[in-house]
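Residues 28 to 162 (our numbering) make up the sequence shown, in order. Ideal Cβ placement from N, Cα and C applies to all residues, glycine included.
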Amino acid sequence: MSQPRDDRQKELFRPALDLIIDRSHPLVRLAEKIDWPSIEGKLAEIYSPGAGHPPLPARLMAGLLILKHMHALSDAALCERWLENPYFQYFCGEEVFRHQLGFSRSSLSRWRRRLGAERLGALIPREANSAKLRD
């Protein structure tokens, strides 16, 4: 099986997100409650070895789909908010603030198709369904 694509290298001159965000923000607290390794393990099942680009990191895609659900955003709106919101980026596993998307909007629809309705429903944690997040 191919390894997830992870070209997000630490950048020496950018501050780490965890140093510039408020650790009490609801998205930070929720990110700390989620068992990301378990989610990554379950999502690894939907990929089979083969040619082509390695998949995007599961934490990134799972985080995006959770945020989309929590905030009832379109794919386009989600991408726009992700670019301007350090909490969205932190939630999705980024280590430094990104000024450009490392994925395309079409990646979201491909992931939804691969996951299917059952896995997609199971991906959304109870905490995300009941969270009252401030924007």
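Please classify residue i: does DSSP put it in a helix, a strand, or coil?
i       : result
Ala-43  : strand
Arg-146 : helix
For residue i, does the count of other Cβ atoms within 10 angstroms reach 16, so buried, or fall short, so exposed?
i       : result
Phe-40  : exposed
Leu-91  : buried
Gly-68  : exposed
Arg-86  : buried
Pro-42  : exposed
Gln-128 : Per the sequence shown, the amino acid found at residue 128 is Leu instead of Gln. With fewer than 16 Cβ atoms within 10 Å of its Cβ, Leu-128 is classed as exposed.
Leu-94  : buried
Ala-149 : exposed
If I measure Cβ to Cβ from residue i and keep anything under 7 Å in the same chain, skipping five residues before and after, which residues do I get?
i       : result
Ala-103 : Arg-132
What are the boundary residues of the alpha helix (DSSP H) that includes residue i?
i       : result
His-96  : 85 to 98
Arg-56  : 53 to 60
Gly-68  : 63 to 70
Glu-111 : 102 to 111
Could you name the residues of the same chain whose beta carbon sits closer than 6 Å to that of residue i, not counting the 5 residues immediately before and after it, in chain order?
i       : result
Phe-130 : Leu-83
Practice item. Determine, using beta-carbon pairs with one atom in the region 103 to 115 and one in the region 52 to 61, whether at least three such pairs fall under 8 Å. Key: Pairwise C-beta distances place the region 103 to 115 in contact with the region 52 to 61, as three or more of them are shorter than 8 Å.
Review point. Given 8 Å as the limit, is there contact between the region 124 to 131 and the region 92 to 103, that is, 3 or more CB pairs closer than that?
Key: No, the region 124 to 131 does not touch the region 92 to 103.
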